[in-house]
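To start, the structure under review is shown below, and the notes come after it.
Number of protein chains: 2
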Amino acid sequence: MSVGLLVVGSIALDSVATPFGVTADAPGGSAVFFSAAGTILHPVQIVGVIGSDYPLGALKALEARGVDLSGVERAAGESFRWKAKYSYDLSSRETLDTRLGVFAQFRPKLPEKFRDARYVFLGNIDPELQLGVLDQVKQPALVACDTMNYWIHSKRDLLLELLRHIDILMVNDAEARELSGDWNIYRAAHWVLEHGPRMTVIKQGEHGALLVNHDTTFKVPAYPLQEVFDPTGAGDAFAGGFMAYLASTDDVSLANLRRAMVYGAAMGSFAVEAFGVEGLAGVTLDDVRARVRAFKQLVHFDLDEGKPA
Amino acid sequence: MSVGLLVVGSIALDSVATPFGVTADAPGGSAVFFSAAGTILHPVQIVGVIGSDYPLGALKALEARGVDLSGVERAAGESFRWKAKYSYDLSSRETLDTRLGVFAQFRPKLPEKFRDARYVFLGNIDPELQLGVLDQVKQPALVACDTMNYWIHSKRDLLLELLRHIDILMVNDAEARELSGDWNIYRAAHWVLEHGPRMTVIKQGEHGALLVNHDTTFKVPAYPLQEVFDPTGAGDAFAGGFMAYLASTDDVSLANLRRAMVYGAAMGSFAVEAFGVEGLAGVTLDDVRARVRAFKQLVHFDLDEGKPA
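So the protein sequences, as listed, match chains A and B. Following numbering that gives the first Met the number 0, the residues of the first sequence are numbered contiguously, the last one being 308. Following numbering that gives the first Met the number 0, the residues of the second sequence are numbered contiguously, the last one being 308.
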């Protein structure tokens with residue numbers, strides 16, 4: 000039996016406009032992007048809620064790829080919806096509408112078999128719910144957690160409590176700055192380490208990601224892409240690749256965490272090459288490995304001890 | 000006799016305000032930052048102009064470190080002055096004043112011994128002057144060139160002519176976008192390649208730098224610094240480290256160009272750790288090598304062929 004990998008997060012319907020096209024009520028949400036990427040490397044157990052209007056075909060496609068849906072609750076009402084528009088160069092986006100729907104009353108309940116999960120990712124939801132999920136997991140080997148500015152401001156105390164119970168906080172650079180109150184991203188990462196987690200992962204969008212622990216910093220750049228269609232979900236695909244690589248290898252050594260960062264960055268790069276989760280649907284393990292090797296070439300240089308004279 | 004390394008550029012008096020302090024009429028300018036970094040690795044020949052008010056002590060200090068000043072012309076009038084203010088997080092700056100002074104009438108004239116230079120860096124000055132310098136160099140092995148938005152708009156035709164005569168265009172990301180008219184930085188780099196240079200180097204400030212040729216892309220991140228005092232001159236220090244490493248090794252293979260990028264990034268990191276050129280004055284070759292090794296650790300990961308299963 001393979002090591003359990005659990006994700007809790009949103010299962011949403013996204014309506015996104017980029018300069019290259021639009022989607023309307025397309026399957027999305029942190030748990031969906033995480034799963035679509037993660038399942039390429041390792042089976043994923045998903046916990047979330049959908050409304051009575053959610054298209055089941057999208058979830059069935061995930062199930063066919065190795066995602067266990069037994070933790071997806073179906074509730075009466077509308078599914079979570081998110082609507083956003085990106086700037087011409089995709090460097091910023093504006094959220095036009097957020098409708099919680101059935102997500103407002105969501106209280107995650109783990110199926111018994113999910114409670115043995117060894118690798119747990121708490122997607123960006125209310126920290127109270129994230130803590131509630133942790134209570135239901137028996138003995139995880141590694142817990143990573145995302146959050147967002149909304150919770151940093153509205154539920155800071157609960158978030159700080161949560162930090163004491165997780166191994167990795169995984170946020171974007173703006174969130175790290177908000178949480179720590181420090182604009183220097185490396186100081187912000189160390190601020191997090193002083194509040195519980197052993198590691199901070201900072202997602203930097205087109206500039207890649209950082210892994211910071213007390214002793215070292217690891218940087219993976221973003222993959223050089225001449226065509227980017229939709230940045231939505233890149234961070235969750237990164238998380239899915241990162242966590243699924245760790246689960247598939249069941250190795251939390253620092254050397255393996257560095258590799259996991261690169262698998263995460265590879266998944267992020269596939270995610271942005273198409274709209275929604277489509278970019279990930281056709282990606283094979285061989286594709287991922289080829290891109291990981293390309294990352295190696297991207298940053299590789301030999302030392303030249305002795306030169307210059 | 001060592002291989003000649005020539006820089007032409009501004010020799011300025013900078014008045015800079017950051018959240019951490021201010022300078023007034025401090026030695027600066029592209030040729031000065033380039034030389035202060037480059038001379039740690041290799042002797043530098045500098046071509047530029049100063050006014051009658053320029054403090055000679057600063058230049059004498061460079062001379063004592065291996066910079067040949069015989070191409071520095073002293074003209075009657077005021078030295079070039081630049082005044083700027085950085086934002087609280089150093090992410091942007093506003094130019095408050097630029098006074099060309101003697102720089103307005105500057106026509107670079109190379110001392111005879113400089114005409115044998117093998118490595119030539121054309122700092123950010125009028126492309127007409129950059130072309131004039133190239134005419135005076137006999138047989139360079141590698142020519143790199145910087146420019147800025149002002150020349151991209153006011154002297155585009157001359158700049159395009161210049162591109163046909165250089166090996167590397169080295170600009171920041173905003174300049175690459177302006178020049179190419181493309182916001183995607185990788186497409187912008189390839190646009191440059193279609194207009195003459197064999198390589199494009201794109202400086203990305205706190206996000207490092209890219210080296211792009213027709214076949215490959217190399218990325219060096221910026222060094223993780225918890226304290227940055229003054230970003231002024233980081234790009235020119237990068238150029239100084241890059242070019243001086245190439246000159247010191249006299250090797251323009253792609254493997255060596257990658258190493259040169261890392262030496263450049265190391266110099267950029269020293270430059271920003273203090274105000275003005277001060278950060279570079281006390282840096283030794285051992286310091287640089289140690290930082291280059293730290294860069295290796297920053298990005299290093301091992302491939303895991305065969306995993307995940």
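C-beta: ideal position from N, C-alpha, C; glycine also. All values derive from a computational prediction rather than experimental measurement.
Query	Result
Hey, does GLN44 (chain B) have any beta-carbon neighbour from chain A nearer than 9 Å?	no
Return the chain-ordered list of same chain residues with a C-beta closer than 8 Å to the C-beta of GLY313 (chain A), the five sequence neighbours on each side being excluded.	Outside the displayed range of chain A (0 to 308) lies residue 313 (chain A), so it cannot be described from this structure.
Are there any heavy atoms of the ligand GTP lying less than 8 Å away from the beta-carbon of THR97 (chain B), as far as the coordinates show?	The model depicted lacks the ligand GTP and carries no ligand whatsoever.
With distances taken between CB atoms, is the gap from ALA143 (chain B) to PHE113 (chain B) smaller than 9 Å?	no
Closer than 8 Å by C-beta to ILE167 (chain A): which residues in its own chain qualify, once you throw out the five before and the five after it? Chain order, please.	LEU141, VAL142, ALA143, CYS144, PRO196, ARG197, MET198, THR199 and VAL200
Checking contacts by CB at 9 Å: is ARG258 (chain A) closer than that to chain B?	yes
Using a Cβ-Cβ cut-off of less than 9 Å, give me the residues of the region 199-220 of chain A that come near chain B, in sequence order.	GLN203, GLU205, HIS206, GLY207, LEU209, VAL211, THR215, THR216, PHE217, LYS218, VAL219 and PRO220
For chain A, check one thing: does any of its Cβ atoms lie closer than 9 Å to the Cβ of TRP150 (chain B)?	no
Starting from THR248 (chain A), trace the alpha helix (DSSP H) in both directions and tell me its first and last residue.	233-248
Locate the beta strand (DSSP E) running through PRO18 (chain A), then write down its first and last residues.	Here PRO18 (chain A) belongs to no beta strand (DSSP E), and DSSP marks it neither H nor E.
Which word fits LYS137 (chain B), buried or exposed, when buried means at least 16 other C-beta atoms lie within 10 angstroms of its C-beta?	exposed
What are the complete alpha helix (DSSP H) segments, minimum 4 residues, inside the region 22-68 of chain B?	29-37 and 55-63
Between B:LEU40, B:PRO139, B:ALA116 and B:THR17, which lies nearest to ALA236 (chain B) when the distance is taken from Cα to Cα?	B:LEU40
Between MET147 (chain A) and TYR118 (chain B), what straight-line distance do the alpha-carbon atoms span, to the nearest angstrom?	49 Å
Along the chain, which unbroken stretches of the alpha helix (DSSP H) at least 4 residues long are found entirely within the region 121-164 of chain A?	126-135, 148-153 and 155-162
So, is ALA283 (chain A) buried or exposed, given that buried needs 16 or more other C-beta atoms within 10 angstroms?	Inspection of the sequence shows that residue 283 (chain A) is occupied by Thr rather than by Ala. Exposed.
Ignore the nearest five residues each way along the sequence and tell me which others in LEU128 (chain A)'s own chain have a CB closer than 8 Å to its CB.	VAL7, PHE105, ARG106 and PRO107
To which residues does DSSP link TRP81 (chain A) through a beta bridge?	A:ASP13 and A:THR97
Note the first and the last residue of the continuous beta strand (DSSP E) segment covering LYS202 (chain B).	198-202
For ARG92 (chain A), which residues does DSSP report across the bridge?	A:TYR85
Identify the contact partners of PRO223 (chain B) in chain A, using a Cβ-Cβ distance below 7 Å as the criterion.	TYR185 and THR216
Which residues does DSSP list as the beta-bridge partners of GLY70 (chain A)?	A:VAL46
Just to check my reading of the structure: ALA30 (chain A) and GLY122 (chain A) have Cβ atoms closer than 8 Å, yes? What is that Cβ distance to the nearest angstrom?	6 Å
Could you list which residues in chain B have their beta carbon closer than 9 Å to that of LYS84 (chain A), in chain order?	Within 9 Å Cβ-Cβ: nothing; LYS84 (chain A) doesn't reach chain B, min ~17 Å.
Have a look at LEU4 (chain A) and ILE165 (chain A) and give me their C-alpha separation to the nearest angstrom.	15 Å
According to the Cβ coordinates, are ALA265 (chain A) and LEU245 (chain A) closer than 9 Å?	no
What number of angstroms, rounded off, separates the C-alpha of VAL43 (chain A) from the C-alpha of ALA208 (chain A)?	23 Å
Can you list the beta strand (DSSP E) stretches of 3 or more residues lying completely in the region 160-189 of chain A, in chain order?	167-171
Mapping the DSSP letters down to three states, classify PHE105 (chain A) as helix, strand or coil.	coil
Could you spell out the range, first to last residue, of the alpha helix (DSSP H) harbouring LEU297 (chain B)?	284-298
For LEU224 (chain A), name the three-state secondary structure that DSSP assigns.	coil
Please report the straight-line C-alpha distance between LYS295 (chain B) and ILE49 (chain A), rounded to a whole angstrom.	46 Å
Could you name the residues of chain B that VAL6 (chain A) contacts, counting a contact when the two beta carbons are closer than 7 Å?	Near VAL6 (chain A) there are no residues of chain B at all, since even the closest Cβ is about 17 Å away, more than 7 Å.
Are the C-beta atoms of THR17 (chain A) and some chain B residue less than 9 Å apart?	no
Please decide whether ASP285 (chain B) counts as near chain A, where near means a Cβ-Cβ distance under 9 Å.	no
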